[in-house]
Amino acid sequence: MAIPKHSKYKNTGLLFELLVRQITADTMNNTNSPAIKTLKRYFVNTELGKEYKLYEQLSNFQNLSETKSEIVISSLLEAATKLNRTEVKKQRYNLIKEIKNLTYDTPFQI
3 MAIPKHSKYK NTGLLFELLV RQITADTMNN TNSPAIKTLK RYFVNTELGK
53 EYKLYEQLSN FQNLSETKSE IVISSLLEAA TKLNRTEVKK QRYNLIKEIK
103 NLTYDTPFQI
């Protein structure tokens, strides 16, 4: 079995956290954050948002027995197969492109 390649720049959970941290920093500095529009555009009622919900569900489970964890993982994998992977990749690409083009005095920290 081939080992899948992983890029943290393309990790939906990390991209979401990056936007949330930027919104928090902007709020603390009393500035309007353009990251709010970006977050809403890509994570509300979108395939990328559905993928993030699966990621979030997986990260919320703690202290499960082996059998329960197998059930959780299999159900999340089944739900992930129902996502439109082409649309997810397209939205993720556009999100990364938009994050790179956002204008800030201090750039996003990845």
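Heads up, the final residue of the sequence shown is numbered 112 in this note's numbering, and it's a clean run with no missing numbers. Every residue, glycine too, gets a C-beta built ideally from N, C-alpha and C.
Run of the alpha helix (DSSP H) containing residue i, from where it starts to where it stops
i	result
Lys91	Arg87 to Asn103
Lys55	Glu49 to Asn62
Thr26	Thr14 to Met30
Cβ neighbours of residue i in the same chain (closer than 7 Å, five flanking residues each side left out)
i	result
Pro18	This sequence places Phe at residue 18; Pro is not what is there. Phe45 and Tyr54, listed in sequence order.
Val90	Glu49, Leu50 and Glu53
Thr14	Leu50, Glu53, Tyr54, Tyr57 and Arg94
Whether residue i touches residue j by CB criterion (7 Å)
i	j	result
Leu50	Leu78	no
Thr26	Glu100	no
6 Å Cβ shell around residue i - same chain, five flanking residues per side excluded
i	result
Leu104	Pro36
Ser76	none
Sequence-distant residues of its chain with Cβ nearer than 8 Å to residue i (five each side left out)
i	result
Phe63	Ser71 and Val74
Review point. Are three or more beta carbon pairs between the segment 77 to 86 and the segment 23 to 30 nearer than 8 Å?
Key: no
Review point. Any contact of the segment 95 to 104 with the segment 55 to 64, i.e. 3+ C-beta pairs under 8 Å?
Key: no
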